[in-house]
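Chemist: To start, I am sharing the structure in question, which I have written as structure tokens.
There are 2 protein chains.
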Amino acid sequence: MVFNGLSAFPITPADEAGRVDTEALGRLLERLVAAGVDSIGLLGSTGTYAFLTREERRRAIDAAAECVEGRVPLIVGVGALRTDQACDLARDAEAGGASGLLLAPVSYNKLLDEEVYQQFLAVTEASRLPLCIYDNPGTTNFSFGIDLVARLTQRPSIAAIKMPLPANGDFAGHLAAVRARVEPGFALGFSGDWGMGDAMLAGSDVFFSVLAGTIPGPILALVRAAQSGDAARVRELEGQLAPLFALCKELTSLRVVYTMVDLLGLTTARPPRPILPLPAEAQRRVAEAVNRIHA
Amino acid sequence: MVFNGLSAFPITPADEAGRVDTEALGRLLERLVAAGVDSIGLLGSTGTYAFLTREERRRAIDAAAECVEGRVPLIVGVGALRTDQACDLARDAEAGGASGLLLAPVSYNKLLDEEVYQQFLAVTEASRLPLCIYDNPGTTNFSFGIDLVARLTQRPSIAAIKMPLPANGDFAGHLAAVRARVEPGFALGFSGDWGMGDAMLAGSDVFFSVLAGTIPGPILALVRAAQSGDAARVRELEGQLAPLFALCKELTSLRVVYTMVDLLGLTTARPPRPILPLPAEAQRRVAEAVNRIHA
Chain E
1 MVFNGLSAFP ITPADEAGRV DTEALGRLLE RLVAAGVDSI GLLGSTGTYA
51 FLTREERRRA IDAAAECVEG RVPLIVGVGA LRTDQACDLA RDAEAGGASG
101 LLLAPVSYNK LLDEEVYQQF LAVTEASRLP LCIYDNPGTT NFSFGIDLVA
151 RLTQRPSIAA IKMPLPANGD FAGHLAAVRA RVEPGFALGF SGDWGMGDAM
201 LAGSDVFFSV LAGTIPGPIL ALVRAAQSGD AARVRELEGQ LAPLFALCKE
251 LTSLRVVYTM VDLLGLTTAR PPRPILPLPA EAQRRVAEAV NRIHA
Chain C
1 MVFNGLSAFP ITPADEAGRV DTEALGRLLE RLVAAGVDSI GLLGSTGTYA
51 FLTREERRRA IDAAAECVEG RVPLIVGVGA LRTDQACDLA RDAEAGGASG
101 LLLAPVSYNK LLDEEVYQQF LAVTEASRLP LCIYDNPGTT NFSFGIDLVA
151 RLTQRPSIAA IKMPLPANGD FAGHLAAVRA RVEPGFALGF SGDWGMGDAM
201 LAGSDVFFSV LAGTIPGPIL ALVRAAQSGD AARVRELEGQ LAPLFALCKE
251 LTSLRVVYTM VDLLGLTTAR PPRPILPLPA EAQRRVAEAV NRIHA
């Protein structure tokens with residue numbers, strides 16, 4: 001099962017013109033394979049898929065497939081403003097060797113349920129790869145209601161959902177409510193790294209982590225502890241990661257990990273403009289938080 | 001002054017693959033010129049700029065410039081996810097004969113004030129055309145605060161703002177509050193067609209209208225009545241347009257005008273998928289509302 005355990009979402013290093021640095025991407029991916037993550041989320045939000053052309057996205061997939069060599073499943077983000085583009089990207093991902101797709105209903109105009117349903121249908125017709133619904137209202141301005149999710153899970157290839165953390169913090173209740181409406185075997189997962197321990201202890205099938213794309217070791221330790229039900233160890237590891245989680249919440253995970261990859265000497269790539277690197281003071285705080293983990 | 005009076009925003013007719021139908025676009029624009037609108041807002045949100053490639057946007061600009069032949073100023077939407085793309089689009093618009101630019105901070109990740117400021121700066125360096133700030137939180141997930149607007153208006157080419165309707169309905173208060181902070185001569189305008197009468201009666205410099213892109217005559221009559229301070233006539237015309245305004249609010253202006261251009265025999269172009277044509281029942285209601293205006 002491709003949507004299971006820890007899915008690590010690296011950045012996609014690229015130059016100012018949006019040309020992907022495949023060598024630096026390979027360095028990032030090699031770390032993830034070596035750490036033993038359960039899957040790699042290539043071209044997710046953290047992988048700035050929305051900012052890259054079809055050609056560059058394909059170059060990133062090809063480079064990733066070549067680097068990973070089947071050792072870890074590749075989940076590839078195929079969201080796009082236009083449905084025909086999302087279908088093309090799904091075909092590219094399959095042709096490039098992806099094991100699964102991640103699809104967010106990227107939008108400019110707020111979309112309706114039926115419009116999102118039809119888009120997902122079109123993508124499942126373009127590729128038979130297992131697909132994960134990407135529910136990210138913060139970037140898409142669209143929230144998946146449970147009725148739409150239940151309807152989508154009737155398509156055999158729609159196999160998982162990546163959800164935002166429940167606002168009320170009730171992971172067990174949220175998981176039970178969704179499980180009651182979806183097909184058996186449909187995988188439930190969350191993103192928002194600061195909720196990782198709670199989500200996995202509550203029985204989430206998968207966690208989609210930004211930080212795991214850059215510091216896979218400590219994040220994997222946390223997920224494995226949660227999977228074995230060792231809550232005390234989870235809380236201990238969360239203690240080390242707490243300053244970093246707080247910074248991700250405050251400054252956004254994307255901006256924090258761009259600082260981290262630079263600090264760790266992995267790549268000096270910057271986020272795509274208009275997104276700017278963090279100011280010096282914030283970078284200093286990220287450095288402190290990173291040092292605390294390695295201490 | 002390019003940002004003044006009634007600015008009419010037509011759709012950009014295109015086929016399923018996103019290829020612009022320049023002939024149908026010409027038909028739409030000829031109606032706007034004939035009606036005497038003060039400017040044409042090409043490739044605005046209604047013109048589905050976000051869904052079109054740079055090449056197709058350039059084709060639309062060239063076709064529009066050829067059709068309009070300088071009879072009415074062309075304001076061209078140049079928003080894009082990447083700052084370098086927005087700069088390229090601004091250069092294309094200037095090269096294609098545009099009289100002004102309209103720039104929304106299109107986003108996937110929620111942007112920060114400084115990021116938006118730097119993007120606007122970059123676009124004003126790419127083209128010297130007068131630029132209108134496009135404040136549309138519903139599509140960009142970014143709201144312009146007054147401090148940022150005041151800072152932007154210090155750039156000589158940033159000449160206007162297109163604002164959402166004030167939530168509390170206090171147009172005069174909102175206009176006064178913004179005027180107190182911006183450079184003299186900076187033009188203030190709103191969009192949201194149902195607020196047109198109130199906005200223009202309260203002294204808004206310009207109104208950016210979706211319906212004017214399809215039925216310029218009745219909308220122009222309303223704006224001219226408001227500009228001459230004839231509130232009674234404004235209310236009378238608003239009465240005729242009320243059902244259409246209500247449908248725009250309920251179903252979104254974009255989806256309503258796609259039905260209208262078809263009803264009026266102007267083009268059978270459909271919105272870019274994932275956006276779907278309105279269901280039959282909603283189309284019937286739009287037809288009734290359109291008939292009421294012509295009665």
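Listed in order, the protein sequences are those of chains E and C.
Under the UniProt record's numbering, the first sequence has 186 at position 186, and the numbering climbs by one with no breaks.
Under the UniProt record's numbering, the second sequence has 193 at position 193, and the numbering climbs by one with no breaks.
Idealized CB from N, CA, C, for every residue including glycine.
(1) Looking at the unbroken alpha helix (DSSP H) that takes in residue 162 of chain E, where does it start and where does it end?
(2) Please classify residue 253 of chain C: does DSSP put it in a helix, a strand, or coil?
(3) Suppose the cutoff is 6 angstroms on Cβ atoms and the five residues either side in sequence are ignored; what does the same chain contact list for residue 181 of chain C look like?
(4) If we define contact as Cβ-Cβ less than 7 angstroms, is residue 119 of chain E a contact residue for chain B?
(5) Which whole-angstrom value is the C-beta distance of residue 72 of chain C and residue 129 of chain C, which I expect to be below 8 angstroms?
(6) Hey, residue 187 of chain C and residue 198 of chain C: beta-carbon distance below 7 angstroms or not?
(7) Alpha carbons only, please: which of C:144, C:166, C:66, C:93 is nearest the one belonging to residue 44 of chain C?
(8) Helix, strand or coil for residue 223 of chain E, going by three-state DSSP, please let me know.
(9) Measure from the C-beta of residue 301 of chain C to each C-beta in chain E and report whether the shortest distance is under 7 angstroms.
(10) Measure the C-alpha to C-alpha separation of residue 154 of chain E and residue 22 of chain C and round it to an integer number of angstroms.
(11) Listed in chain order, which residues of the region 13–30 of chain E have Cβ atoms closer than 9 angstroms to some Cβ of chain C?
(12) Is it true that the CB of residue 142 of chain E sits closer than 7 angstroms to the CB of residue 107 of chain E?
(13) May I ask you to report which of helix, strand or coil DSSP gives residue 6 of chain C?
(14) Using only alpha-carbon positions, find the residue among C:46, C:260, C:18, C:213 that is nearest to residue 39 of chain C.
(15) Roughly how many whole angstroms lie between the Cα atoms of residue 133 of chain E and residue 78 of chain C?
(16) Taking the alpha-carbon of residue 7 of chain C as reference, which of C:82, C:102, C:62 has the nearest alpha-carbon?
(17) Output yes or no for whether 7 angstroms exceeds the beta carbon distance between residue 286 of chain E and residue 252 of chain E.
(18) From this set, E:135, E:121, E:81, E:59, which residue's C-alpha is nearest residue 98 of chain E's C-alpha?
(19) Could you name the residues that DSSP lists as bridge partners for residue 20 of chain E?
(20) Here's a check: name, in chain order, each residue in its chain whose Cβ is nearer than 6 angstroms to the Cβ of residue 256 of chain E, leaving out the five neighbours to either side.
(21) Between residue 131 of chain E and residue 159 of chain E, how many whole angstroms is the CB-CB distance? I'm expecting something under 8 angstroms.
(22) Check residue 76 of chain C in the structure and name its three-state DSSP category.
(23) Nearest to residue 10 of chain C by CA position, among C:29, C:243, C:37, is which residue?
(24) What runs of the beta strand (DSSP E), each 3 residues or longer, lie entirely inside the region 90–138 of chain E?
(25) Is the number of C-beta pairs between the region 209–229 of chain E and the region 259–273 of chain E that are closer than 8 angstroms three or more?
(26) From E:189, E:89, E:118, pick the residue whose C-alpha is nearest to that of residue 161 of chain E; which is it?
(27) Residue 50 of chain C touches chain E at which residues, Cβ-Cβ below 7 angstroms?
(28) Could you spell out the range, first to last residue, of the alpha helix (DSSP H) harbouring residue 42 of chain E?
(29) Please list the partners that residue 193 of chain C has in chain E, where partner means a Cβ-to-Cβ separation under 7 angstroms.
(30) Buried or exposed: where does residue 48 of chain E fall if 16 or more other Cβ atoms within 10 Å of its Cβ makes it buried?
(31) Contact check, residue 119 of chain E vs residue 86 of chain E under 8 angstroms by CB: the rounded distance?
(32) Measuring straight from C-alpha to C-alpha, what distance separates residue 302 of chain E and residue 50 of chain E?
(33) Against chain C, does residue 74 of chain E count as a neighbour if the rule is that its beta carbon must be under 7 angstroms from one of theirs?
(34) What are the boundary residues of the alpha helix (DSSP H) that residue 149 of chain E is part of?
(35) Looking only at C-alpha atoms, which of E:96, E:218, E:83, E:112 sits nearest to residue 69 of chain E?
(36) Please go through the region 166–233 of chain E and give each complete alpha helix (DSSP H) segment of 4 or more residues, from N-terminal end onward.
Modeler: Concretely, from the data shown:
(1) On the first sequence, position 162 is the one that residue 162 of chain E refers to. For residue 162 of chain E, there is no enclosing alpha helix (DSSP H); the residue is part of the beta strand (DSSP E) that begins and ends at 158–164.
(2) By 1-based counting over the second sequence, the position of residue 253 of chain C is 253. In this structure, residue 253 of chain C counts as helix in the three-state DSSP scheme.
(3) Position 181 of the second sequence, counted from the start, is the residue given in the question as residue 181 of chain C. Closer than 6 angstroms at the Cβ level, and outside the excluded window around residue 181 of chain C, lie 146, 150.
(4) Note that chain B does not occur in the displayed structure, where the protein chains are E and C.
(5) For the purposes of this step, residue 72 of chain C is identified with residue 72 of the second sequence, where counting begins at 1. For the purposes of this step, residue 129 of chain C is identified with residue 129 of the second sequence, where counting begins at 1. 16 angstroms between Cβ atoms; not a contact.
(6) Taking the first residue of the second sequence as 1, we reach residue 187 of chain C at position 187. Taking the first residue of the second sequence as 1, we reach residue 198 of chain C at position 198. No, Cβ-Cβ distance for residue 187 of chain C and residue 198 of chain C is not below 7 angstroms.
(7) Residue numbering aside, residue 44 of chain C sits at position 44 when the second sequence is read from its first letter. Minimum Cα distance to residue 44 of chain C is reached at C:93.
(8) Locating residue 223 of chain E in the first sequence gives position 223, where the first residue counts as 1. Note: residue 223 of chain E maps to helix in three-state DSSP.
(9) The structure shown does not extend to residue 301 of chain C, since chain C is modelled only from 1 to 295, so the question has no answer here.
(10) Numbered from its first residue, the first sequence carries residue 154 of chain E at position 154. Numbered from its first residue, the second sequence carries residue 22 of chain C at position 22. Approximately 41 angstroms, taken between the alpha carbons.
(11) 16, 17, 18
(12) Here residue 107 of chain E refers to the residue found at position 107 when the first sequence is read from its first residue. Here residue 142 of chain E refers to the residue found at position 142 when the first sequence is read from its first residue. For residue 107 of chain E and residue 142 of chain E, yes; Cβs fall inside 7 angstroms.
(13) Start at 1 with the first residue of the second sequence, and residue 6 of chain C comes out as number 6. Correct three-state label for residue 6 of chain C: strand.
(14) Position 39 of the second sequence holds residue 39 of chain C. That would be C:213, whose Cα lies nearest to the Cα of residue 39 of chain C.
(15) Locating residue 133 of chain E in the first sequence gives position 133, where the first residue counts as 1. Locating residue 78 of chain C in the second sequence gives position 78, where the first residue counts as 1. Distance between the alpha carbons of residue 133 of chain E and residue 78 of chain C: 31 angstroms.
(16) Here the question's residue 7 of chain C lines up with position 7 in the second sequence. It is C:102.
(17) Numbered from its first residue, the first sequence carries residue 286 of chain E at position 286. Numbered from its first residue, the first sequence carries residue 252 of chain E at position 252. In this structure, residue 252 of chain E does not lie closer than 7 angstroms to residue 286 of chain E by Cβ.
(18) For the purposes of this step, residue 98 of chain E is identified with residue 98 of the first sequence, where counting begins at 1. When only C-alpha atoms are compared, the closest one is E:59.
(19) To locate residue 20 of chain E, count along the first sequence from 1; it is residue 20. Answer is E:14.
(20) Stepping through the first sequence from its first residue, residue 256 of chain E is reached at position 256. Cβ neighbours of residue 256 of chain E beyond the five flanking positions: 247, 248, 286.
(21) In the first sequence, residue 131 of chain E corresponds to position 131, counting from 1. In the first sequence, residue 159 of chain E corresponds to position 159, counting from 1. The Cβ separation is near 6 angstroms, so the contact holds.
(22) As a first step, residue 76 of chain C is located in the second sequence; it is residue number 76 there, counting from the start. It is a strand residue.
(23) On the second sequence, residue 10 of chain C is found 10 positions in, with the first residue counted as 1. Comparing Cα-Cα distances from residue 10 of chain C to each of C:29, C:243, C:37, the minimum goes to C:29.
(24) 100–103, 131–134
(25) yes
(26) Along the first sequence, read from residue 1 onward, the residue named residue 161 of chain E stands at position 161. With distances taken between Cα atoms, residue 161 of chain E lies closest to E:189.
(27) In the second sequence, residue 50 of chain C corresponds to position 50, counting from 1. Those within 7 angstroms of residue 50 of chain C in chain E are 81, 108.
(28) Indexing the first sequence from 1 puts residue 42 of chain E at position 42. Element bounds for residue 42 of chain E: not the alpha helix (DSSP H) but the beta strand (DSSP E), 39–42.
(29) Translated into positions along the second sequence, residue 193 of chain C becomes position 193. Correct list: empty, because the minimum Cβ distance to chain E is about 16 angstroms.
(30) For this step, residue 48 of chain E is matched to residue 48 along the first sequence. Classification for residue 48 of chain E: buried.
(31) Walking along the first sequence from the start, residue 119 of chain E turns up at place 119. Walking along the first sequence from the start, residue 86 of chain E turns up at place 86. Their Cβ separation, rounded to whole angstroms, is 7 angstroms, which keeps residue 119 of chain E and residue 86 of chain E in contact under 8 angstroms.
(32) Chain E is shown from 1 up to 295; residue 302 of chain E falls before or after that span and cannot be answered.
(33) Here residue 74 of chain E is taken as the residue at index 74 of the first sequence, counted from 1. Taking Cβ atoms only, chain C never reaches closer than 7 angstroms to residue 74 of chain E, which makes this a no.
(34) Numbered from 1 along the first sequence, position 149 holds the residue referred to as residue 149 of chain E. Start and end: 146–152.
(35) In the first sequence, residue 69 of chain E corresponds to position 69, counting from 1. Comparing Cα-Cα distances from residue 69 of chain E to each of E:96, E:218, E:83, E:112, the minimum goes to E:96.
(36) 171–179, 196–201, 216–227
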